[in-house]
Structure formats: C-alpha cells, structure tokens
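Have a look at the structure below, then the notes.
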Amino acid sequence: MPSLRSNWGRLALGLLLCLAIALVRAQGIKDEVLDDVTLGPALSLEEIEEQLQECPIVNALTSQKLARLSGSTSQVEHLFSILFPSASPAINALLATLYISGPPNLILGLCPPNIDPSSLTIMVAFAVGGLLGDTLFHLLPEIFLGEDSPDKARFVLVEPNRNLLLGVAIMVGFLTFVAMDKGLRIATGGEGGHDHGHAHGHTHQDGDGAVGATSTAIEGADTKGVKARKNKTNDTTGEKQATQEKEANSSVKLAGVLNMIADFTHNITDGLAMSASFYASPTVGATTTMAVFFHEIPHEVGDFALLIQSGFSKRAAMGAQFVTAIGALLGTCIGIAVQELGGGAGGSSESAPTSAGIWGTSLAAGDLLLPFTAGTFLYVGTVAVIPELLETGKNRREEVVKTMSQFVAIAVGAGIMLWISWDH
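Read in order, the letters of the sequence shown are residues -26 to -1, 1 to 398 in mature numbering (1 follows the signal peptide of the UniProt record, and there is no 0).
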C-alpha cells in the first residue's frame, strides 16, 4: 500500500514537472512572437507598402491591373495636367485658389445691380450636386481608404482608432460652420426682429387713421384744438417712422458688413480645402477645385446682391468681394504650412512609424485638414443651401417645373463628379 501511494506521488510529480516545462516553453514562444510583432509598429507606412509589393499574390494583382490599363491618358487627366502643370501640391493649390477666386469675382462686372438672388436657384442646385458629389465620391473615399495607385495594387491598413479620429475631424468641420452660421444670425438679430419692426409701424398708422376719423366729428371751437393735436400726432408718427427706417437701414448695413466677415472666413476654409485636397492627390485636388468653383459663382453673386441692398455701390461691392477673396489665399497658405510642417498625406507621415502620430495612430496634423474640409462641404451642401431650394411659391405648376429643373441640375453636378472619378 505505501509503495502504491509512492508510485502515484511520483507520477503526479512527473506530470507537474512536465506541465511546468510546457508552460515555460509556451511562455518562451509567446515572448518570441511578441518580439517579432513589436517590430511591426516600428515600420513606416512606406516600408510596409514596399514589403507588401514583394508578395507573389500582390505582384500577380499588379500585373493584372497593368494589363487592363490601355496606357493612354484620358481627356480629363490631360485637362487637369494643363490646369495644374506643377508636380508640387503647394503650387497647384495656389493655382486652384486663383481659379476659384478670380473668375467668379470678374463675373460680377456683368451682373446688374438689381439682380435677384432667388433667380439663381438652378445654378445653386448645380453647385449642390457638385459639392455633395465631390464629398461623397472623392473626399470621403480618399479620407478612409486613400487614393488608388495607377501602377500597382494597394492594400489598406485598418486602424480603428484612426478612422474614429477622421470621423471626429469631419464632425468638427461640420460644427464649425454651424457655429459660424449661428453667430451670424445672432449678430444680425434674425428675421424676426425685422418683421416685428414692420408690423409695429403699420399698427401705428392704423391708430392714427382712427384718430383722424374721430376728430372730424367734433364741432365748434374744439375743431382747431383737435386738428392741432392731430398734426402733432402725425408729426410724432412721422418721427417714429423715420427712426424705424434709420434703424432698419443700419441693420441692413450691419448685415452687409457681417456677411463680408462671414464670407472672408468661408473663403479661408475654401483655401484649406484646396491645400488639403492637392496634398491628398492631384485628382482629388482637381475635382475639389471644380466643386468649389461652381459653388462660388452663385455664392459670390448672392453676396454681391446683398451688398448692393446694404447700400454699397456696384464698384464698392465688387471691391469688397475681391477683399474677401484674400481669405482663400490666406487659407491656402495656412493649409500648405500645416501640411509641410505637421506632415500629412503628401508630407512626412509616410516615413514615420505607424504609431508615432496623433494618439498612437499613423495620423499627422495635416491628415485632419481633408476630413475637416469634408465636414464643411457637407454643411454647405445640405444645411446652408438646401433650405433655399425648398422655398416654394403659390403657383403649383411653376413650382413643379422649377423643382424638376433643380433635381436635374443636382444630378448633372453630381454626375460630372462621378464621371471624373470613374474615368480616372
């Protein structure tokens, strides 16, 4: 019996010893694997891409892709190469800023001073299609997936936290324009104060008419006194109306000045869009330039009409629009500085470790400009412009025709962006 217990004890001891050896061996293998894995984050994105290209499967996919290409450049690429001949994204961004600022402001010289901004709804609808098309077909795919390479197959490194930060940047861009729009509405007092002033004035006029009708029924010597009081009342009413008109004119002029400030700030974001898009890729930069250009034409004409209504002469209004256009150049220079100094899609982030960016991701400061731009485009293409297209008149037949025309214009604007992306 003791020998049996001794044998069982030896067997248990042997099993424990084998288990300990296995655990030590497993821990050693785990440490070796972790040592190999820790080498991964030290690689740059460029080095990872180079090693992936050495894979036989990737080489086969690249060969198939090159076989499908005809080797000839498309008409769109040829046009873009003429408009943006430089290999430097900074120079191309500056050229794009001149394109979106110069011609739309020169068109103002052909506009009559009494132009009605509501007559530009078809052009506004076309601009909406272009902005949303550029955002959905170019900017968002570029933000999350990157630009396709024409001469090799590409693979996307999935970083969940990276995508979260890009989404945050899009939301920040959207909310920035919400704050700008809300601040302008607060500064101008909104439409409610203007309507209240008109209603208040009409109420006084009706009351004065009633006093006049009653005073004609007075007889005798009191007639002169009543007429004197009536004249005094009319003088008081005239002074109130003059004061209200003066306040209304001051409010309109203030609205014009505040609109110039808002337009200057808006143009800064346009400049940021130019720099961010060209540092992402030449195609994204060119399509963003087209979208902003088509949006700027009705935008500049509408601001021009508002300045005329605010008391500006035609020459002064055109000069003010050229001054606000400086904001686009300023925004472009800021964006170029951020891309060059902070890294980005076209900067030094490709040679940096994948975990050396913002909050342990591969993102650099310059990589957040493009999603910020996408957020501003989403606001301008939806909240800022769609309400204008939703305005309807009393003639149902005319409104149906106008609505169909607006949808066609939106489809054409978005279709151009889709065609450029597909053709490229």
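Just so you know, even glycine gets a beta-carbon here, dropped at the ideal spot from N, CA and C.
Using only CA atoms, which one of G355, L364, A311, T366 lies nearest to D341? A311
Have a look at G301 and F267 and give me their C-alpha separation to the nearest angstrom. 15 Å
Cα separation between F129 and I117? 14 Å
Relative to the C-alpha of Y73, which candidate in E121, M234, A254, T261 has its C-alpha closest? T261
Pull up the distance between the alpha-carbon of L113 and that of L82, whole angstroms please. 30 Å
Inter-residue Cα distance where the pair is F58 and L68: 10 Å
Considering Cα atoms alone, identify which of A34, P115, T239 is closest to D155. When each option's Cα is compared against that of D155, the closest is T239.
On the criterion of 16 or more Cβ atoms from any shown chain inside 10 Å, does P361 qualify as buried, or is it exposed? exposed
So, with DSSP's three-state summary, where would you put D108? helix
Are the segment 93 to 101 and the segment 376 to 391 touching by the rule of at least three beta carbon pairs closer than 8 Å? yes
Please list the terminal residues of the continuous alpha helix (DSSP H) segment that includes C29. Careful: C29 lies outside any alpha helix (DSSP H) and carries neither H nor E.
Just list the alpha helix (DSSP H) runs in the segment 271 to 349, keeping only unbroken ones of 4 residues or longer that don't cross its boundaries, in chain order. 288 to 316
Alpha helix (DSSP H) segment containing K156, residue limits: 134 to 162
Going by alpha carbons, who is nearest to V142 out of N233, A348, S336, T298? A348
Could you pull out every residue in the same chain whose Cβ sits closer than 6 Å to the Cβ of I282, ignoring the five residues on either side in sequence? Around I282: P87, A291.
Helix, strand or coil for D244, going by three-state DSSP, please let me know. helix
Give me the Cβ distance between T150 and T350, rounded to the nearest whole Å; I'm assuming they're in contact under 8 Å. 7 Å
Looking at S336: is its Cβ nearer than 8 Å to the Cβ of E121? no
Which one of E51, A265, L232, A339 has the shortest CA to CA distance from residue 405? Within the shown structure, residues of the chain are numbered from -26 to 398, placing residue 405 beyond reach of any answer.
E372 in three-state terms, based on DSSP: helix
Tell whether a beta-carbon distance below 8 Å holds between W333 and L131. no
Proximity to L363 [Cα-Cα], best of S75, F100, N33: Comparing Cα-Cα distances from L363 to each of S75, F100, N33, the minimum goes to F100.
Pairwise C-alpha distance: C29 and S37: Looking at the backbone, the Cα of S37 and that of C29 are separated by about 12 Å.
Could you name the residues of the same chain whose beta carbon sits closer than 6 Å to that of I390, not counting the 5 residues immediately before and after it, in chain order? none
S379 and G309 closer than 8 Å at C-beta: no
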